[in-house]
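Engineer: Residue numbers (our numbering): 19 to 157. Heads up, the beta-carbon is just placed ideally off N, CA and C, and yes, glycines get one too. Treat the numbers as computed from the prediction; the structure is a model and nothing was measured.
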């Protein structure tokens, strides 16, 4: 890649082109036909989950969202049990991405949320904004 700070997103028309796009320097390759096929299968196998995702992704009458929130504040850290995100902020943590790229999806009360982490959370938009502000605070 010529500029490692540049984030390149591209669309391909078939799955065979994905490797070519990555070799050409794309950071993210979107295969819309693959996404549509997976979505159709999901609607048959897991219809309730598919409807939930349609509300979140499609924004159809959704008052909630899924967001990645950077944990920047030096004081906002601790175990999930101590932080009690659902009780204190009305958001549910889905995953944590550590600064080294490790993705944690099995979350327990003793899992730590640390400065530098990216928290993937779901909740009402007002609660997400409040949690994002708290995650940036220094005290």
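What beta strand (DSSP E) runs, 3 residues minimum, are completely inside the stretch 50-136?
Structural biologist: 82-88, 109-115
Engineer: From the DSSP output, which residues share a beta bridge with residue 29?
Structural biologist: 48
Engineer: Going by the CB atoms, is the gap between residue 106 and residue 135 shorter than 7 Å?
Structural biologist: No, Cβ-Cβ distance for residue 135 and residue 106 is not below 7 Å.
Engineer: Helix, strand or coil for residue 139 per DSSP?
Structural biologist: strand
Engineer: Given a threshold of 16 other Cβ atoms within 10 Å of its Cβ, counted over all protein chains shown, does residue 111 qualify as buried or as exposed?
Structural biologist: buried
Engineer: Would you tell me roughly how many angstroms separate the C-alpha atoms of residue 88 and residue 64, rounded to the nearest one?
Structural biologist: 30 Å
Engineer: Exposed or buried, which one is residue 99 when buried takes at least 16 other CB atoms within 10 Å?
Structural biologist: exposed
Engineer: Less than 7 Å separating the beta-carbons of residue 47 and residue 36?
Structural biologist: Result yes, Cβ atoms of residue 47 and residue 36 sit closer than 7 Å.
Engineer: Determine the DSSP secondary structure at residue 38, reduced to helix, strand or coil.
Structural biologist: In the displayed model, residue 38 falls within a helix according to three-state DSSP.
Engineer: Buried or exposed for residue 19, please, with buried defined as at least 16 other CB atoms from any protein chain shown within 10 angstroms of its CB.
Structural biologist: With a pLDDT of 49 at residue 19, under the threshold of 50, the modelled position of that residue is not reliable, and no figure is offered here.
Engineer: Within its chain, find whatever has a CB closer than 6 Å to the CB of residue 60; leave out the 5 residues flanking it on each side and keep chain order.
Structural biologist: Apart from the 5 residues on each side of it in sequence, residue 60 sits with its Cβ closer than 6 Å to the Cβ of 68 in its chain, given in chain order.
Engineer: Thinking just about the alpha-carbon of each residue, which of 41, 50, 45 is nearest to the one in residue 158?
Structural biologist: Outside the shown range of the chain, which is 19 to 157, sits residue 158, and nothing can be said about it.
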